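Below is one structure, written out as structure tokens, with a few remarks after it.
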Amino acid sequence: MNAQSFVDMCRVLRVLNAIRERHFGISLTYEQLSKLTVAVLVDRLIARAQWPLVIAVCQHLRLPPEDGVNRVLGHWACQKIEELKQNRAAGRATTDSAKLADVICRKFREFPGVSYADVAQKAAECELNELATLLLENEPQIDRQVRMLLKLDQRQKALSRATESGDALLENEPQIDRQVRMLLKLDQRQKALSRATESGDPDLIYLVILKLKQAMDKAELNLMLRKFPDAFILYTQLLREEAPNHLLALYRQEDDFCNQALYHLDSAKAAGTFDVREKQNCLAEAEKSMSAVKEECYSQVLNDSIKLLKHQAQFEEQFGQPFTELSLRSTIVWLIEHGENGPAENLRKEFRVGDKQFWWWKIEALGKGGRWQELEAFAKAKKSPIGYLPFVEICVKYKQMSEWKKYLQKMSSHEHQVMANIKTGDLTNAANIAFQNNDDHLLNRVMSHCGPQNRGLSEQILTMKQELAKKSGK
1 MNAQSFVDMC RVLRVLNAIR ERHFGISLTY EQLSKLTVAV LVDRLIARAQ WPLVIAVCQH
61 LRLPPEDGVN RVLGHWACQK IEELKQNRAA GRATTDSAKL ADVICRKFRE FPGVSYADVA
121 QKAAECELNE LATLLLENEP QIDRQVRMLL KLDQRQKALS RATESGDALL ENEPQIDRQV
181 RMLLKLDQRQ KALSRATESG DPDLIYLVIL KLKQAMDKAE LNLMLRKFPD AFILYTQLLR
241 EEAPNHLLAL YRQEDDFCNQ ALYHLDSAKA AGTFDVREKQ NCLAEAEKSM SAVKEECYSQ
301 VLNDSIKLLK HQAQFEEQFG QPFTELSLRS TIVWLIEHGE NGPAENLRKE FRVGDKQFWW
361 WKIEALGKGG RWQELEAFAK AKKSPIGYLP FVEICVKYKQ MSEWKKYLQK MSSHEHQVMA
421 NIKTGDLTNA ANIAFQNNDD HLLNRVMSHC GPQNRGLSEQ ILTMKQELAK KSGK
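Everything in the sequence shown is counted per UniProt numbering, starting at 1 for the first residue and increasing by one.
As structure tokens, then:
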């Protein structure tokens with residue numbers, strides 16, 4: 001027979017005999033105890049407040065402390081706290097918090113490992129904060145002690161305990177915002193910023209940044225934030241709202257020419273319509289920044305913008321009209337529309353506007369200004385690089401139906417002739433031109449513009465398509 005099994009059985013039988021005593025009156029057989037389990041027996045003894053007996057049972061059966069003696073003592077202390085609460089509520093308090101704390105602590109010292117923090121939590125729930133604070137003085141786990149002190153609003157004492165122990169206890173704090181705030185109080189700035197960044201919470205990151213701004217000089221703060229890209233982005237957004245000049249200084253310190261250029265472009269946009277000189281200065285600074293990173297394309301665009309702005313400023317003085325918010329195209333169109341062909345031609349040459357592009361802009365401007373004679377003269381001056389369909393389209397747009405026929409004869413492409421007739425609504429002539437040039441595709445396009453009122457023309461087009469099919473042998 002196994003000697004240990006014999007010893008364990010003797011221990012169980014002794015417990016069964018002890019609880020049978022008339023003072024306790026719990027008659028259990030071994031089989032009943034096996035089904036009930038020792039844990040349930042301990043719970044029943046706790047419920048009856050049989051503290052000496054239940055502690056003796058736990059010790060005799062050698063239960064683990066967390067399931068045995070320590071748990072029992074926790075329940076005993078909680079009952080004592082509950083009794084104190086009830087007595088005070090009834091006005092018959094027989095002891096004060098200090099005496100009860102002394103009683104509990106003396107008993108707990110006999111059994112190391114009992115959690116003072118759990119009992120302090122119960123005291124706090126019973127609104128016995130003084131008792132909870134006294135109990136926490138004996139809590140061996142500093143992290144639990146600090147958390148409970150914070151719950152009790154004992155911030156100074158919590159900070160003192162945390163400072164004495166270092167910041168290692170905060171590593172296990174589940175609430176990241178509380179951990180960050182405590183790290184800031186412990187002057188662990190970089191670690192606080194790291195934890196806030198890891199959390200991904202913008203509000204928490206902003207909180208840390210604002211605290212760091214108050215405690216650090218700008219150069220040191222900029223250097224630290226550069227190590228945390230997410231925090232640095234939020235920091236630049238904050239500076240953009242609160243201190244734009246500081247933001248520019250930061251970009252210069254980092255030789256960040258691209259962001260310097262963007263900053264100057266934003267400043268140019270914010271300068272407004274009337275502050276032309278400020279806008280020019282901002283664009284010039286942006287152009288310098290782009291040149292520094294050898295972005296020739298962007299640099300050239302900015303340089304052209306500066307030159308255009310200078311011309312527009314002159315036009316505003318000359319014509320008394322706002323130009324600074326206009327593009328190059330809109331500026332040239334306005335000048336031609338109002339008969340200022342010389343300045344428009346100068347802009348064309350200076351900004352190297354292509355012939356085709358300039359012809360489109362000039363046709364639009366002359367039509368918009370109702371300068372039909374100039375439009376006709378322009379069409380006759382030299383051969384159009386974009387054809388003559390745009391001339392017809394501008395006449396149709398401004399309902400000058402008598403003008404468009406002047407340009408039809410200049411069209412060498414039958415496709416353009418068909419499109420011109422479609423634009424003017426002469427679908428019959430458009431169909432005839434398409435048929436004469438054996439273009440089935442254009443006949444389909446004309447038919448797509450036929451409505452119910454053009455049923456007869458639709459039938460004619462179908463006949464034309466059949467004839468073309470016969471010619472092609474299909």
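We put the CB at the ideal spot given by N, CA and C, even for glycine.
Computed from a predicted model, the values in this text were never measured in an experiment.
{"Query": "Spatially closest choice to GLU137 from CYS258, CYS105 and VAL72, by CA coordinates", "Result": "CYS105"}
{"Query": "Meets three-Cβ-pair contact criterion under 8 Å: the region 316-335 and the region 293-303", "Result": "no"}
{"Query": "As assigned by DSSP and simplified to three states, the class of GLU317", "Result": "helix"}
{"Query": "Candidates ASP217, PHE228 and LEU13: closest to ALA196 by CA position", "Result": "PHE228"}
{"Query": "Chain-order list of residues whose beta-carbon lies under 8 Å from that of ASP118 (same chain, five-residue window excluded)", "Result": "GLY74"}
{"Query": "Alpha carbon of LEU408 to alpha carbon of GLY387, nearest angstrom", "Result": "10 Å"}
{"Query": "Within 8 Å, strictly: CB atoms of GLN312 and THR331", "Result": "yes"}
{"Query": "Same chain, Cβ closer than 8 Å to MET216, five either side skipped, listed in chain order", "Result": "ARG189 and MET224"}
{"Query": "Residue environment, LYS218, which counts as buried when at least 16 other CB atoms sit within 10 Å", "Result": "exposed"}
{"Query": "Pairwise C-alpha distance: THR133 and ALA98", "Result": "10 Å"}
{"Query": "Whole runs of the alpha helix (DSSP H) within the region 56-128, excluding any shorter than 4 residues", "Result": "69-90, 97-109 and 116-125"}
{"Query": "CB-CB length for residue 475 against LEU193, believed under 8 Å", "Result": "Past the boundaries of the shown model lies residue 475; the chain is included only from 1 to 474, so the question cannot be answered."}
{"Query": "Close-in-space but distant-in-sequence residues of the same chain around VAL69 (CB under 7 Å, 5 per side omitted)", "Result": "ILE55, CYS58, GLN59 and PHE111"}
{"Query": "Reference ARG44; option with closest CA among ARG62, ILE19 and GLU31", "Result": "ILE19"}
{"Query": "Among ALA101, CYS126, PHE351 and LYS294, the one whose alpha carbon lies nearest that of TRP308", "Result": "For the record, residue 308 in the displayed sequence is Leu; it is not Trp. Here the closest residue by C-alpha is PHE351."}
{"Query": "Rounded straight-line distance, which links the Cα of SER199 to that of HIS23", "Result": "58 Å"}
{"Query": "Cut-off 6 Å between Cβ atoms - residues of its own chain near GLU374, not counting five sequence neighbours on either side", "Result": "LEU366"}
{"Query": "C-alpha distance - CYS78 paired with ALA101, whole-angstrom precision", "Result": "12 Å"}
{"Query": "Complete runs of the alpha helix (DSSP H) confined to the region 343-394 [at least 4 residues]", "Result": "355-368 and 372-381"}
{"Query": "C-alpha gap between ARG455 and SER412, whole angstroms", "Result": "30 Å"}
{"Query": "Coil, strand or helix - GLU403 by DSSP", "Result": "coil"}
{"Query": "Straight-line gap, PHE108 to SER5 (C-alpha atoms, nearest Å)", "Result": "32 Å"}
{"Query": "Through-space distance from MET401 to LEU442, alpha-carbon basis", "Result": "23 Å"}
{"Query": "Limits of the alpha helix (DSSP H) - the one that ASN454 falls within", "Result": "No alpha helix (DSSP H) contains ASN454, which DSSP labels as neither H nor E."}
{"Query": "Cβ-based burial, LEU283 [other Cβ within 10 Å; buried from 16]", "Result": "buried"}
{"Query": "Where MET464 falls, given that 16 or more other Cβ within 10 Å makes a residue buried", "Result": "buried"}
{"Query": "Reference CYS126, options TYR116, GLU83 and SER115, closest by Cα", "Result": "GLU83"}
{"Query": "Continuous alpha helix (DSSP H) stretch holding LEU221: start and end", "Result": "218-225"}
{"Query": "ARG62 burial status per 10 Å Cβ neighbour count (16 or more: buried)", "Result": "exposed"}
{"Query": "Beta-carbon contacts of ARG348 that lie in its chain and below 6 Å, excluding the five residues immediately before and after", "Result": "PHE358"}
{"Query": "Burial state of ASN17 (16 or more Cβ within 10 Å)", "Result": "exposed"}
{"Query": "Extent of the continuous alpha helix (DSSP H) to which ALA431 belongs", "Result": "427-436"}
{"Query": "8 Å CB neighbourhood of LEU427 in its chain, flanking five on each side removed", "Result": "ASN421, VAL446, HIS449, CYS450, ASN454 and LEU457"}
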